[in-house]
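Protein chains in written order, with the working numbering: chain A, 264 to 640; chain U, 9 to 140; chain P, 2 to 535. Here is the structure we will look at, set down as structure tokens.
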């Protein structure tokens with residue numbers, strides 16, 4: 264049975280969950296119908312609070328998402344869930360197992376959950392994830408939880424997709440935290456120390472707090488500017504020196520962290536005069552026993568307030584628009600140029616030439632663009 | 009772009025035997041399918057929700073308990089009621105021969121017995137997935 | 002491939018590669034007194050009794066249960082008439098999971114895989130005309146095990162049999178449920194508390210009762226190798242011992258009442274070695290690690306069941322041969338009791354005809370083969386002793402791993418066992434698929450024209466209706482006030498550290514149902530959910 268896009272969109276608009284599910288299948292497969300659905304659905308979007316959940320394997324992300332969903336439901340928010348699992352590089356297949364851990368909320372008609380395979384994409388989400396979020400947003404879900412693969416690689420893409428990124432860590436990761444801090448700590452707006460009933464939870468929380476202090480010395484949550492507020496970075500370094508956990512030598516070796524702090528400052532602001540800023544809070548949770556999850560939701564909602572009261576919500580819309588355009592134009596322009604070059608025989612010729620070291624790749628690319636990009640290059 | 013086939017491997021009712029379901033799930037994955045496994049002790053209503061939300065092409069129910077004759081038709085009916093008509097239903101496990109016609113009548117395309125060959129299951133699935 | 006050999010590699014069902022031939026060098030370090038000992042002596046490698054089957058044959062205990070209590074009672078009597086020496090009860094899925102037959106989840110399952118039990122009324126019928134001071138009864142049930150024991154004690158009382166005279170076993174092994182069988186209800190902590198309550202209660206009042214049947218059967222059937230079955234089962238056993246000690250019990254008071262339950266699979270010598278290794282490991286850890294003083298605490302007594310998973314639906318008569326060889330391995334391994342599967346079990350519940358053949362198989366081994374005349378006849382075999390040592394080593398390596406993960410419960414939470422088993426199961430299936438492991442009638446010597454059909458025992462749908470009717474009648478006619486009070490008392494005590502057994506006995510005597518009693522705990526303790534691994 265084939266379905267007409269217009270018909271499907273009509274059903275989509277009346278709240279037919281099958282239509283939503285089929286639309287997701289279309290965008291996932293990159294089909295023309297998928298593009299058309301996005302075109303139709305896009306005007307309906309821009310309302311949902313998109314929350315990313317990321318963290319290493321075994322952190323209990325799925326169980327936490329399950330609990331988060333039920334707490335948002337208690338606050339009468341409808342919840343869309345997207346969970347991404349890795350595709351096997353050998354077979355192209357995948358086992359999508361997150362649904363099993365989300366059974367508490369899945370019987371609730373106010374919740375819709377879709378499992379996605381990463382399909383070879385390495386950023387922690389799949390290529391189609393942002394389009395899937397668009398569809399869930401258009402469908403009317405007020406909160407959208409996106410759970411990343413969590414395979415340990417740098418999952419910065421979720422930060423670019425979500426309004427609020429929650430990094431989930433667990434106790435006993437001491438050395439791991441050192442290793443991943445630059446990769447994971449910089450992307451978090453809210454931190455959950457899950458499985459906090461285990462030994463070492465306090466230590467893990469302290470470690471995260473110290474790391475966060477490097478970027479912002481304020482109190483967790485929204486920091487309203489006050490005339491006597493101290494500057495952030497100096498305070499952070501002083502405090503660390505006092506606690507003696509980081510020597511000056513160590514600090515100077517943290518080039519990445521400086522970068523991370525800079526990055527975070529853009530998103531979170533600083534404690535500088537006049538700036539209302541955000542200091543990522545760390546919340547202890549035991550998702551399996553539903554402990555601390557309500558506070559975590561409080562913090563996520565607080566972060567949303569921060570975004571909207573400081574104009575960052577609107578900036579994010581600009582950011583998303585720019586990113587999406589860049590992605591689409593880049594992809595299409597590349598396909599266009601390459602196709603024209605292929606038809607003209609230039610692609611094969613230059614590919615061969617580069618392989619044989621007759622020409623360098625920069626010059627070859629230049630030549631392809633000059634010949635096939637069209638006027639204005 | 010080739011459409012990825014998605015299969016839901018389901019256990020219905022009070023049936024704890026999941027060895028076969030898991031082996032089949034892995035075999036599907038190794039054949040390039042995207043597999044959603046429901047876990048044990050599922051109600052037909054929950055499985056129907058999963059079928060719809062995940063928009064799967066295939067539902068493979070593994071049953072080694074006694075209630076498949078009740079629960080599988082219930083699942084298929086729930087989906088029919090919601091207009092789902094393009095899903096391939098398969099059943100496997102320990103299903104007595106004389107219950108097979110009843111399942112086929114309810115909409116199961118094929119019933120695989122104990123010791124069924126994994127390759128046969130995969131090949132059959134690929135050949136019989138419904139066009140969309 | 003070695004010259005003159007027909008295969009590259011020789012390996013059995015556990016995928017352990019074996020050599021062409023074993024010799025003295027393969028048992029070079031074996032010390033008779035230290036590693037074997039005479040039968041009936043530490044470390045019991047050769048058996049727990051000096052006389053073994055010359056003194057008393059193993060207990061022939063066929064697992065039975067289906068339909069309502071009436072049908073199963075009739076099957077019990079049939080088996081006893083056929084010379085069976087102990088009873089073994091299979092319960093249906095709703096009972097195993099603590100649901101009454103009229104619960105919506107029970108629809109379609111009532112009486113299907115075992116007998117449906119809701120209230121004491123059912124137990125009165127189940128054991129009608131069976132003297133509980135004469136037969137021993139095994140009950141394969143876990144979270145509601147304490148409830149079944151309470152019902153059994155209540156029926157004994159009605160028969161005028163004192164609690165001290167009854168003997169039998171409840172499976173009551175929740176750890177293997179989290180690992181493999183999956184018939185769990187509550188989370189680990191309260192589940193283990195129920196088990197230690199049973200241990201403490203029976204040590205005082207029902208001294209001949211085996212409190213836990215620590216089971217490798219389900220672990221193996223879920224796909225584990227022989228070494229994994231051995232290691233995970235004994236690790237569970239150690240976890241129970243530690244729980245008992247932690248609950249303040251004296252190890253020599255409860256350890257003698259722990260028993261085991263292993264699978265017997267196809268690889269003949271590996272299976273024999275597994276039983277021998279199990280006894281040796283258990284004796285050593287009980288004496289050395291837990292400081293048990295009583296030899297009865299050191300002895301690993303076990304039930305065995307032939308491997309259900311080895312049965313094929315194709316050419317089902319072949320199963321009779323498989324079962325016979327597996328049963329022979331269990332006997333050569335020195336089991337205390339044995340269930341032999343019926344050849345039609347790959348398809349459904351066994352018919353009376355098939356059950357009779359299964360029982361006769363044991364009787365033929367006992368009476369005709371001569372193997373029951375000599376104790377541990379394979380001791381000293383280079384191959385069997387080498388395998389016994391190997392299995393012990395492999396198990397010890399697992400114990401170290403499990404300890405590093407923080408013990409059995411932590412390892413369960415980390416999906417360690419589940420992952421190991423799923424991997425083995427899949428590996429085995431791939432071997433079958435590729436023809437590396439040949440199964441007669443399936444991927445070798447298959448009959449392409451075969452139509453699978455067997456004369457199968459069907460459960461009449463009437464069973465469900467009749468069972469529901471009875472249970473609803475019990476609820477309508479019982480002293481409701483008494484039932485409510487008993488449940489309220491159980492609810493109260495469950496929140497304290499009081500031993501719950503007396504309260505459970507009070508509940509069943511007031512005709513509270515399995516679902517009502519389990520409901521009290523479901524409300525208080527919640528339900529366990531697993532994260533599936535593949």
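Yeah, the Cβ is synthetic: ideal placement off N, Cα and C, and Gly gets one too.
Listed in chain order, the beta strand (DSSP E) elements of length 3 or more contained wholly in the stretch 309-374 of chain P are 338-340.
DSSP, reduced to helix, strand and coil, places residue 339/A outside both helices and strands of the structure shown, so it counts as coil. Residue 475/A holds the alpha-carbon nearest to the alpha-carbon of residue 450/A among 475/A, 466/A, 465/A.
The bridge partners DSSP lists for residue 541/A are 485/A.
Neighbours of residue 554/A across chain P, judged by C-beta separation under 8 Å, do not exist; the nearest C-beta is about 13 Å away. Within the DSSP secondary-structure output, residue 314/A pairs in a beta bridge with 408/A, 427/A.
Residues of chain P with a Cβ closer than 7 Å to the Cβ of residue 26/U are, in chain order, 183. Apart from the 5 residues on each side of it in sequence, residue 259/P sits with its Cβ closer than 8 Å to the Cβ of 211, 212, 213, 215, 238, 241, 242 in its chain, given in chain order.
Fully enclosed beta strand (DSSP E) runs of no fewer than 3 residues occupy 14-19, 42-45 of the stretch 9-47 of chain U, in order along the chain. The Cβ atoms of residue 325/A and residue 367/A lie no closer than 8 Å to each other.
Per the coordinates, the alpha-carbon of residue 358/A lies some 14 Å from the alpha-carbon of residue 423/P. Comparing alpha carbon positions, the residue from 527/P, 408/P, 72/P closest to residue 352/P is 72/P.
The beta carbon of residue 48/U sits closer than 8 Å to some beta carbon of chain P. Listed along the chain, the chain P residues whose CB falls inside 7 Å of the CB of residue 101/U amount to none; the nearest CB is some 11 Å away. The three-state reading of DSSP puts residue 300/P in coil, since its state is none of H, G, I, E or B. By the neighbour-count criterion, in which a residue is buried when 16 or more other Cβ atoms sit within 10 angstroms of its Cβ, residue 588/A is exposed.
For residue 505/P, the enclosing alpha helix (DSSP H) has its first and last residue at 502-510. Under the Cβ distance rule, residue 364/A counts among the residues neighbouring chain P, one pair being separated by less than 8 Å. A Cβ-Cβ separation of about 18 Å leaves residue 53/U out of contact with residue 77/U under the 8 Å criterion.
Of all residues in the stretch 374-406 of chain P, none places a beta-carbon less than 8 Å from a beta-carbon of chain A. The stretch 179-190 of chain P and the stretch 123-139 of chain P do not touch, with fewer than three beta-carbon pairs separated by less than 8 Å. Taking C-beta separations shorter than 6 Å and ignoring five residues to either side along the sequence, the partners of residue 400/A in its chain run 308, 311, following chain order. When Cβ-Cβ separations below 8 Å define contact, residue 356/A makes contact with chain U. The count of Cβ pairs closer than 8 Å, one atom from the stretch 141-157 of chain P and one from the stretch 496-513 of chain P, reaches three, so the stretches are in contact. Under the DSSP definition of a beta bridge, residue 91/P partners with 141/P.
Residue pairing by DSSP puts residue 259/P in a beta bridge opposite 213/P. Between residue 338/P and residue 323/P, the C-beta spacing is not below 8 Å. Residue-level contact check: residue 194/P does not touch chain A, since none of the beta carbons of chain A fall below 8 Å from its beta carbon.
Residue pairing by DSSP places residue 70/U opposite 19/U, 100/U in a beta bridge.
If you ignore the 5 residues before and after residue 246/P, its C-beta comes within less than 8 Å of the C-beta of 252, 291, all in its own chain and listed in chain order. For the stretch 300-313 of chain P, residues whose beta-carbon sits nearer than 7 Å to a beta-carbon of chain U comprise 313.
In the structure shown, residue 379/A adopts extended strand secondary structure according to DSSP, grouped into three states. With a contact defined as Cβ atoms closer than 8 Å, residue 58/U and residue 100/U miss out at about 18 Å. Here residue 397/A is not near residue 315/A, since their CB atoms are 8 Å or more apart.
Annotated as proximal: residue 408/A and residue 328/A, with beta-carbon spacing under 8 Å. Contact holds between the stretch 276-283 of chain P and the stretch 378-397 of chain P, because three or more Cβ pairs, one in each stretch, are under 8 Å apart.
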